[in-house]
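Colleague: Here you go, one structure.
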Amino acid sequence: MLLGIVLHAALAYAMVPQWFAQDPQQSEVAAMGVHIIHGFRMPLFFLLSGYFTMMLLARRGTRSTLAHRGKRILLPLIIGTLTVVPLTWGVVIGANVIKQLTSPPAVETTGEAVNLWDASARGSADEVSAFLDLGISPDEPDPAIRTLPLAWAAAHGNIDTLQSLLDAGADLDARNGDGSTPLHTAAFFGEAEIARRLLDAGADPEAKTYDGQTPMDSTAHGPEVVNYIAGLLQVESDFMAVSTGREQVRAMLQERGAGEGPSPLTQLLNLALLFPLFFHLWFLWFLCWLVLGLIVCVFIAQRLGLGRFSGAWLAGPLGVGLAIALTCQPQLHMRNQGEVTGFGPDTSAGLIPMPHVLVYYAVFFGFGAVLYAVAGGIDRIGRTWWAWLLIALAAGVPALGLGRKAEWMTGLIENQSARHAMSVVLEPIFTWSMSLALLGVFRTLLSGERFWVRYMSDASYWLYITHLPLVIAGQFLLVGVDLPWFIELALLVFVPTAVLLGCYQLFVRYTPIGTKLNGKRSRN
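Printed below as a string of structure tokens:
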């Protein structure tokens, strides 16, 4: 839980274009840290959740387990979704409104561009040519939000610079950080003339982003999304003009063989899958599904007369090997078969969990349940933590190289399919090994009763649920502040944590709120 605060705070510096607050200081170190934490944090959480849920079932039975999980998981999810999540969106929207009101006007004249992406967006064809003459590739995405020069030109409706980039051989199939093409960008902003030139140059009218969206789908986003993306790219946007342009883009896409777009039912399904309803609280929603699934499995096992597991191999290398093999299947579908730079599992914060993500975490949850069912299973795993750590290091280095598309790895293995196949195997090996290594370390070092460990364990639930609005607000406030990124990161971690710990002690721990989160706590 506490690592989640570090992860979210670091996203502003980790070259993750989808994150709301992008600091000018982007760090490869921060990016690596985010990927490593993301690679094992939630899998380990679900493994432990499966263990303790199975313990609860064995000791209290089905009814008590349902009541317990309803109070500790479902109720905080509902309250958090109605309070913390809207507050988080309010911080994001408010910060972007303030940014638009206080930002200097966009550059309207030539000769002021400071880089290729600025020149593509608001400069001239001559400026673009000048930067290209310096050896910069026309397909090089900007380092902050990973947006292509063609996409910058498309977003700002800059026909001259778009044509200059096309003349320089810019790749129409190159991808922005989210997997979209420049045609997606033109369709999204209703830039009809830009879309026409891209299509005439050979852009694919049915290209898909990493979450399966086509350029036609890009014309269906509402004003809230348009205003947010426009603020991110500093585009002056009038939604009425965008809507008019989109009608022309849709007609052109249909003329080039694109479908009519998703049906209303498909749009509703995509909304349920993709709209981040639960935001960072998605894990609680997943737990609701997995707890119910475990109860059903236990019920079936009891009906079949299956008792407590006796197979010690399930808590050893063979059992872990089976779990890794099961995890590789959903890993195949992560990030659209490995085409996007990244590491670790996908995130699914919608009302309907993405099937491959739910299955992925179900394997960890189920393995945790099995560890409890096997007598002495968790101790057997814990004793070999050092071996799991060595395996995690051996698998993690090449896996990160593949995920980050490092030159040393792409040079070593040029075939994309081969790289993807290796990633599908190495990432689960890293995730499982790292999770089991940490499980063993904490089992060995923190098995005794310590007040501060218990206190932080109790407080971490509250800290994680409530931290995100404060962290994002801090990220926006620190944009442009002249401090090293690691000092800003430390502030973003420690200040919200200190504030929320104070709130926990004063208003949560010994109140009904704390009872719902962690059970009743005594001041003695």
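My numbering numbers the first residue of the sequence shown as 10 and each following residue consecutively. In this text, a Cβ means the ideal position worked out from N, Cα and C, and glycines have one as well.
#1: Measure the C-alpha to C-alpha separation of ALA332 and VAL372 and round it to an integer number of angstroms.
#2: For VAL244, name the three-state secondary structure that DSSP assigns.
#3: What residue range does the alpha helix (DSSP H) around GLY328 cover?
#4: On a CA-only basis, which of ASP148, HIS476, VAL300 is nearest LEU65? Give me that one, please.
#5: So LEU157 and ALA183 are supposed to be a Cβ contact under 8 angstroms. How far apart are they, rounded?
#6: Would you be able to state if there are at least three C-beta pairs under 8 angstroms between the region 398-416 and the region 424-441?
#7: Name the two residues that bound the continuous alpha helix (DSSP H) containing GLN172.
#8: Looking at the ligand GDP, does it come within less than 7 angstroms of GLY314, judged from the CB to the closest heavy atom?
#9: Evaluate the contact criterion for the region 59-76 versus the region 293-309: three or more CB pairs, one atom per stretch, below 8 angstroms.
#10: What did DSSP end up calling THR1 once you bin it into helix, strand or coil?
#11: Give every residue of the same chain whose Cβ lies closer than 6 angstroms to the Cβ of LEU487, excluding the five residues on either side of it in the sequence, and list them in chain order.
#12: Start and end of the alpha helix (DSSP H) containing MET363?
#13: From PHE61 to ASP355, what does the alpha carbon distance come to, in whole angstroms?
#14: Let's see if you can read the secondary structure: which residues bound the alpha helix (DSSP H) around SER138?
#15: If you run the structure through DSSP and keep just helix, strand and coil, what is TYR513?
#16: Label ALA30 either buried or exposed according to how many other C-beta atoms from any shown protein chain fall within 10 Å of its C-beta, with 16 as the threshold for buried.
#17: For the region 440-447 against the region 469-480, do three or more pairs of beta-carbon atoms, one drawn from each stretch, fall closer than 8 angstroms, so that the two count as touching?
#18: Rank GLN35, LEU56, ALA19 by C-alpha distance to the C-alpha of ILE45 and give the top, closest one.
#19: Reducing DSSP to helix, strand and coil, say where GLN257 ends up.
#20: Should VAL258 and GLY199 be called a contact, given that it needs their Cβ atoms to be closer than 8 angstroms?
#21: Could you pull out every residue in the same chain whose Cβ sits closer than 6 angstroms to the Cβ of PHE197, ignoring the five residues on either side in sequence?
#22: Taking the alpha helix (DSSP H) that GLU37 belongs to, which residues open and close that run?
#23: Who are the near neighbours of PHE49 in its chain, counting only those whose CB is closer than 6 angstroms to its CB and skipping five residues on each side?
#24: Taking 7 angstroms as the limit between beta carbons, can you name the residues of its chain near ALA378, skipping five residues before and five after?
#25: With DSSP as the reference, label VAL123 as helix, strand or coil.
#26: Which of helix, strand or coil does DSSP assign to LYS217?
#27: Assuming HIS47 contacts LEU16 (C-beta within less than 8 angstroms), just tell me the rounded distance between them.
#28: Output needed for ASP148: all residues of its chain with C-beta closer than 7 angstroms, excluding positions within five of it in sequence on either side, in chain order.
#29: Please classify ASP247 as buried or exposed, where buried requires at least 16 other C-beta atoms within 10 Å of its C-beta.
#30: Using the beta-carbon count (16 or more within 10 Å), is GLN311 buried or exposed?
#31: GLY328: which of PHE451, LEU159, LEU380 sits nearest, CA to CA?
#32: Just checking, does the region 397-410 make contact with the region 87-96 on the three C-beta pairs under 8 angstroms criterion?
#33: Shortest alpha-carbon distance to ALA177 belongs to which of GLN484, VAL235, PHE352, ALA134?
#34: Give the DSSP-derived three-state secondary structure of TYR473 in the structure shown.
#35: Please list the terminal residues of the continuous alpha helix (DSSP H) segment that includes PHE308.
#36: CB-CB under 6 angstroms to ILE400, same chain, minus the five flanking residues each way: which ones, in chain order?
Modeller: Taking the structure as given:
#1: Translated into the one-based positions of the sequence shown, residue 332 becomes position 323. Translated into the one-based positions of the sequence shown, residue 372 becomes position 363. Rounded to the nearest angstrom, the gap between the Cα atoms of ALA332 and VAL372 is 7 angstroms.
#2: Here residue 244 refers to the residue found at position 235 when the sequence shown is read from its first residue. The answer is coil: DSSP assigns VAL244 none of H, G, I, E or B.
#3: Position 319 of the sequence shown holds residue 328. GLY328: member of the alpha helix (DSSP H) spanning 326-340, first to last residue.
#4: On the sequence shown, residue 65 is found 56 positions in, with the first residue counted as 1. Minimum Cα distance to LEU65 is reached at VAL300.
#5: As a position in the sequence shown, residue 157 is number 148, starting the count at 1. As a position in the sequence shown, residue 183 is number 174, starting the count at 1. 6 angstroms between Cβ atoms; contact.
#6: Result yes; three or more Cβ-Cβ pairs closer than 8 angstroms.
#7: Taking the first residue of the sequence shown as 1, we reach residue 172 at position 163. Its alpha helix (DSSP H) spans residues 168-176.
#8: Ligands are entirely absent from the displayed structure, and the ligand GDP is therefore not among its contents.
#9: Cβ pair count under 8 angstroms is three or more, so yes.
#10: What the structure shows of the chain is the stretch from 10 to 533, and residue 1 is not part of that stretch, so it cannot be assessed.
#11: Within the sequence shown, numbered from 1, the residue matching residue 487 stands at position 478. Closer than 6 angstroms at the Cβ level, and outside the excluded window around LEU487, lie GLU497.
#12: The count along the sequence shown starts at 1 and reaches residue 363 at position 354. Boundaries for MET363: no alpha helix (DSSP H) harbours it, and the DSSP string shows neither H nor E there.
#13: Here residue 61 is taken as the residue at index 52 of the sequence shown, counted from 1. Here residue 355 is taken as the residue at index 346 of the sequence shown, counted from 1. So the alpha carbons of these two residues sit roughly 24 angstroms apart.
#14: As a first step, residue 138 is located in the sequence shown; it is residue number 129 there, counting from the start. First-last of the alpha helix (DSSP H) with SER138: 134-142.
#15: Position 504 of the sequence shown, counted from the first residue, corresponds to residue 513. TYR513: helix per DSSP, three-state reduction.
#16: As a working mapping, residue 30 is identified with position 21 in the sequence shown. For ALA30, the number of other beta carbons within 10 angstroms of its own is at least 16, and it is reported as buried.
#17: At 8 angstroms Cβ cutoff, the stretches do not touch.
#18: On the sequence shown, residue 45 is found 36 positions in, with the first residue counted as 1. Ranked by Cα distance from ILE45, the first of GLN35, LEU56, ALA19 is ALA19.
#19: Here the question's residue 257 lines up with position 248 in the sequence shown. Of the three classes helix, strand and coil, the one that applies to GLN257 here is helix, per DSSP.
#20: For this step, residue 258 is matched to residue 249 along the sequence shown. For this step, residue 199 is matched to residue 190 along the sequence shown. The criterion of a C-beta distance shorter than 8 angstroms is satisfied by VAL258 and GLY199.
#21: Within the sequence shown, the letter at position 188 stands for residue 197. Within the same chain, PHE197 has close Cβ partners SER227.
#22: Your numbering for residue 37 matches position 28 in the sequence shown. Element bounds for GLU37: 37-69.
#23: In the sequence shown, counting from the first residue as 1, residue 49 sits at position 40. Around PHE49, the same chain offers THR440, MET443, SER444 as residues with beta carbons nearer than 6 angstroms, after the five sequence neighbours per side are excluded.
#24: As a working note, residue 378 is residue 369 in the sequence shown. In its chain, beyond the 5 residues on either side, GLY59, TYR60, THR62, MET63, LEU303 have a beta carbon closer than 7 angstroms to the beta carbon of ALA378.
#25: For the purposes of this step, residue 123 is identified with residue 114 of the sequence shown, where counting begins at 1. The answer is coil: DSSP assigns VAL123 none of H, G, I, E or B.
#26: By one-based count along the sequence shown, residue 217 stands at place 208. LYS217 sits in coil when the DSSP states are folded into three classes, being neither helix nor strand.
#27: Against the sequence shown, residue 47 aligns to sequence position 38. Against the sequence shown, residue 16 aligns to sequence position 7. About 6 angstroms; that satisfies the 8 angstroms criterion.
#28: Counted from its first residue, the sequence shown places residue 148 at position 139. Excluding sequence positions up to five before and after ASP148, its CB lies within less than 7 angstroms of the CB of LEU157, ALA179, ASP180, ALA183, all in the same chain and listed in chain order.
#29: Reading the sequence shown from its first residue, position 238 is the one you call residue 247. Exposed, by the Cβ-count rule.
#30: By one-based count along the sequence shown, residue 311 stands at place 302. Around the beta carbon of GLN311, a 10 Å sphere encloses fewer than 16 other beta carbons of the protein chains shown; the residue is thus reported as exposed.
#31: Translated into positions along the sequence shown, residue 328 becomes position 319. Out of PHE451, LEU159, LEU380, LEU380 has the C-alpha closest to the C-alpha of GLY328.
#32: At 8 angstroms Cβ cutoff, the stretches do not touch.
#33: Within the sequence shown, the letter at position 168 stands for residue 177. Checking every option, the nearest Cα to that of ALA177 belongs to ALA134.
#34: For the purposes of this step, residue 473 is identified with residue 464 of the sequence shown, where counting begins at 1. DSSP, read as helix, strand or coil, puts TYR473 in helix.
#35: Position 299 of the sequence shown, counted from the start, is the residue given in the question as residue 308. PHE308 -> alpha helix (DSSP H) spans 291-312.
#36: In the sequence shown, residue 400 corresponds to position 391, counting from 1. If we look at ILE400 and ignore the five residues flanking it on each side, its Cβ neighbours are SER442.
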